[in-house]
Amino acid sequence: MDINSRPVVVKRMPERVNTRTAREFLRDVRPFLAADRPQLVFDLSQVVQLDAAGVEMLLRCMSEAHKRDGDVKLASLSGQAAVVLELTRTERLFEIYETSTEAARSFSGFLPNAMRQQLLHNKRPPAPAAA
Amino acid sequence: MDIRGLLLVNTENIEELDQTPAALTGILDVVGKSALHRMAERMQQYGITSISAVVETASAFAACNYGLPADVTCVTATADRFWRAAESVFNDMAQNGAELVVLVRLGNYAEADFEKLVQCHLDQQGRVTQMEWGALPLEIFCISASRRNDAASLFRTQLTHCRSECPRLQHEGYFNPLASPRDLRQFAIDILTRKTQTCPAGKETKPGVWIAPGALIEKGARVLAPAFVGSLARIRAGAVITRCSSVERNAEVDCGTIVENSTVLPFSYVGAGLDLGHSVAGMGRIVNLRRDISVEIADRKLIALLSSASSKRLLTAAMEVLTYLPRQAWQGIFAGAKAQQPDLQATLRQTSPALGDAADFETPACDPEAAQEFRNMVVARRYGHQ
């Protein structure tokens, strides 16, 4: 059973994320962030340069998503992006996945196991009584 | 016996830290002194008092002694004239009465036993004696000054070939190829952990903590052993320097930054609140050794190159102070003009345009049945790595 079928938006980040491109990127993703419980995955595979403005933009997206009970996850980090995120101590704030597919799939596993089990249990037809 | 020392350093592509040729690391400070400086000091310890260094530079007019001791003569030459200049210095030494010349080319840093080398050379009665490390020939030679033709053939083949057969002496001491930033970092670790005979260039203020004269460590900053802070370096409040880290001369580590198992190159600035680990930082880039990657940092808030001219640094600091109040006032004026955040409740109620066709679909996660069942449950955030 699919517990969570809300759409997951995967967005590829530009090669160079500086003040200008970060602003443009934020403008692009803002409609998705304004959704109810937004589920976003940022693909950083092409990023070769990420500066403080880019990191700030990522944090801003995460903060906006959290306000609406959603989340932003990162995927396919290039070495350059990983180094800058590690340098700015922001890599620990995000869930990071090897691929965008894994990141998108992880959203369906968001509900706590206890809740998921109970939901499954309630919807299952009652077992026939033993003879 | 008149024995003289000749040190050679090629310094091409000095800006490219990731493409550093072995030669660059010869003049780059490691725990307070360059390999060139350390080698000159080592020669002096072995009684070789007359030393000359030939250093390759981009400009023919560059005059710099690369922090060498005052009694070491430094000659600079452009790439195309480098080997000719080296040969010329050798000839001058021979003309001025030298009997033997100990020739060392950096890159590689080997703590050679020059006494043994000279003894071996005299015993073998060769013209040129070379040192080797295992099967690797080192660019450390002992040359009879009277054998100019042998020396000339050596210089003209860039130390790869000698006219006559030269006996080899096995090197047994410390050796570092200094061929990459990783080697540079390893060299710093080896010096700080005293695996080398050469020492950190500073005063040991606490066991394992070396501070060079003029270093400024602000109140609240911590330097944990083993670590080194170079001359005129500045460690700002809340910063932590730890695990064999080395902050070289005139570098600056800003507030709250952690430097762990890293080297901050001379005249480099590391921004505030950062986490620099397992890296060599400077010249506008970071070489992360764990990920084995070199990253160019264009943002001066993270990593920047400070001016090597003290007057320029003073001017920049004065400008910062003078423009502080106007900047604060400017920010104060425009701080109120921020865009209004949309109302959260209204946003939650409206249908998202991003959902598209799925907007009308009732997702199980928002199932009213589930909502009723788990009314008091708060879903905690989970992290992928936890």
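These protein sequences, in sequence, are chains A and B.
As numbered in numbering that gives the first Met the number 0, the first sequence has no gaps in its residue numbers, which increase by one up to the final residue, 130.
As numbered in numbering that gives the first Met the number 0, the second sequence has no gaps in its residue numbers, which increase by one up to the final residue, 385.
Backbone N, C-alpha and C define an ideal beta-carbon position, used for all residues, glycine too.
Please read all numbers here as calculations on a predicted model, not as lab measurements.
CB of residue i within 7 Å of CB of residue j, strictly
{"i": "Gln165 (chain B)", "j": "Gln124 (chain B)", "result": "Per the sequence shown, residue 165 (chain B) should be read as Cys rather than Gln. For Cys165 (chain B) and Gln124 (chain B), no; Cβs fall outside 7 Å."}
{"i": "Ala84 (chain B)", "j": "Val53 (chain B)", "result": "yes"}
{"i": "Pro206 (chain B)", "j": "Ser230 (chain B)", "result": "no"}
{"i": "Leu273 (chain B)", "j": "Ser261 (chain B)", "result": "no"}
{"i": "Pro180 (chain B)", "j": "Val279 (chain B)", "result": "yes"}
{"i": "Leu168 (chain B)", "j": "Glu138 (chain B)", "result": "no"}
{"i": "Ser99 (chain A)", "j": "Ala74 (chain A)", "result": "yes"}
{"i": "Trp209 (chain B)", "j": "Phe227 (chain B)", "result": "yes"}
{"i": "Cys254 (chain B)", "j": "Gly281 (chain B)", "result": "no"}
{"i": "Ile26 (chain B)", "j": "Ala39 (chain B)", "result": "no"}
{"i": "Leu6 (chain B)", "j": "Val74 (chain B)", "result": "no"}
{"i": "His36 (chain B)", "j": "Gly66 (chain B)", "result": "yes"}
{"i": "Leu25 (chain A)", "j": "Met56 (chain A)", "result": "yes"}
{"i": "Leu105 (chain B)", "j": "Ala214 (chain B)", "result": "no"}
{"i": "Leu135 (chain B)", "j": "Thr24 (chain B)", "result": "no"}
{"i": "Arg193 (chain B)", "j": "Glu217 (chain B)", "result": "no"}
{"i": "Val117 (chain B)", "j": "Cys161 (chain B)", "result": "no"}
{"i": "Phe154 (chain B)", "j": "Glu86 (chain B)", "result": "yes"}
{"i": "Gly81 (chain A)", "j": "Gly53 (chain A)", "result": "Here residue 81 (chain A) turns out to be Ala, not Gly, going by the sequence shown. No, these two residues do not count as a Cβ contact at 7 Å."}
{"i": "Leu247 (chain B)", "j": "Asp28 (chain B)", "result": "The sequence given here has Glu at residue 247 (chain B), not Leu. Cβ distance < 7 Å, so Glu247 (chain B) and Asp28 (chain B) count as in contact."}
{"i": "Phe31 (chain A)", "j": "Val8 (chain A)", "result": "yes"}
Neighbourhood of residue i by C-beta distance below 6 Å, restricted to the same chain and skipping five residues each side
{"i": "Met61 (chain A)", "result": "Val71"}
{"i": "Glu259 (chain B)", "result": "Thr241, Arg242, Gly276"}
{"i": "Ala150 (chain B)", "result": "Phe89, Ile142"}
{"i": "Glu90 (chain A)", "result": "Leu84"}
{"i": "Asp68 (chain A)", "result": "Arg36"}
{"i": "Ala109 (chain B)", "result": "Leu137, His170, Phe174"}
{"i": "Met12 (chain A)", "result": "Phe41, Leu43, Val46"}
{"i": "Ala96 (chain A)", "result": "One point to set straight first is that residue 96 (chain A) is Tyr, not Ala, in the sequence displayed. Hits under 6 Å: Ala74, Ala102."}
{"i": "Ser245 (chain B)", "result": "Val30, Ala187, Phe227, Thr262"}
{"i": "Leu86 (chain A)", "result": "none"}
{"i": "Asp79 (chain B)", "result": "none"}
{"i": "Val239 (chain B)", "result": "Arg221, Ile257"}
Coarse secondary structure for residue i, derived from DSSP in three states
{"i": "Pro136 (chain B)", "result": "strand"}
{"i": "Ala214 (chain B)", "result": "coil"}
{"i": "Cys141 (chain B)", "result": "strand"}
{"i": "Asn148 (chain B)", "result": "helix"}
{"i": "Val8 (chain A)", "result": "strand"}
{"i": "Ile234 (chain B)", "result": "strand"}
{"i": "Arg193 (chain B)", "result": "coil"}
{"i": "Phe266 (chain B)", "result": "coil"}
{"i": "Ile188 (chain B)", "result": "helix"}
{"i": "Ala226 (chain B)", "result": "strand"}
{"i": "Phe106 (chain A)", "result": "helix"}
{"i": "Gln38 (chain A)", "result": "strand"}
{"i": "Phe93 (chain A)", "result": "coil"}
{"i": "Lys205 (chain B)", "result": "strand"}
{"i": "Thr156 (chain B)", "result": "coil"}
{"i": "Ile2 (chain B)", "result": "strand"}
{"i": "Pro13 (chain A)", "result": "coil"}
{"i": "Gly31 (chain B)", "result": "coil"}
{"i": "Ser169 (chain B)", "result": "Here residue 169 (chain B) turns out to be Gln, not Ser, going by the sequence shown. Three-state result, Gln169 (chain B): strand."}
{"i": "Leu321 (chain B)", "result": "helix"}
{"i": "Ile332 (chain B)", "result": "helix"}
Close beta carbons around residue i, own chain, < 7 Å, minus the five adjacent residues each side
{"i": "Phe113 (chain B)", "result": "Met42, Tyr45, Ile47, Val101"}
{"i": "Arg289 (chain B)", "result": "His277"}
{"i": "Ser44 (chain A)", "result": "Ser75, Ser77"}
{"i": "Pro199 (chain B)", "result": "Val30, Gly31, Ile190, Leu191, Trp209, Phe227"}
{"i": "Val28 (chain A)", "result": "Lys10, Leu39, Cys60"}
{"i": "Arg147 (chain B)", "result": "Asn90, Ala93"}
Contacts around residue i, its chain only, beta-carbon distance under 8 Å, and the 5 residues preceding and following it disregarded
{"i": "Ala250 (chain B)", "result": "Gly229, Ala232, Arg233, Val263, Leu264, Pro265, Phe266, Ser267, Tyr268, Val269, Gly281, Leu305"}
{"i": "Trp82 (chain B)", "result": "Phe154, Arg155, Gln157"}
{"i": "Gly219 (chain B)", "result": "Ala236, Gly237"}
{"i": "Lys115 (chain B)", "result": "Leu168"}
{"i": "Asp342 (chain B)", "result": "Only weak support exists for where Asp342 (chain B) lies, its pLDDT of 48 falling under 50; the coordinates are left without a value."}
contact_flag[the segment 9 to 19 of chain A, the segment 37 to 56 of chain A] where n(CB pairs < 8 Å) is 3 or more: yes
Residue ranges of each alpha helix (DSSP H) within the segment 48 to 113 of chain B, 4 or longer: Within the segment 48 to 113 of chain B, the complete alpha helix (DSSP H) runs of at least 4 residues are 81 to 94.
Uninterrupted beta strand (DSSP E) stretches inside the segment 60 to 87 of chain A (no shorter than 3 residues): Complete beta strand (DSSP E) runs here, min 3: 70 to 74.
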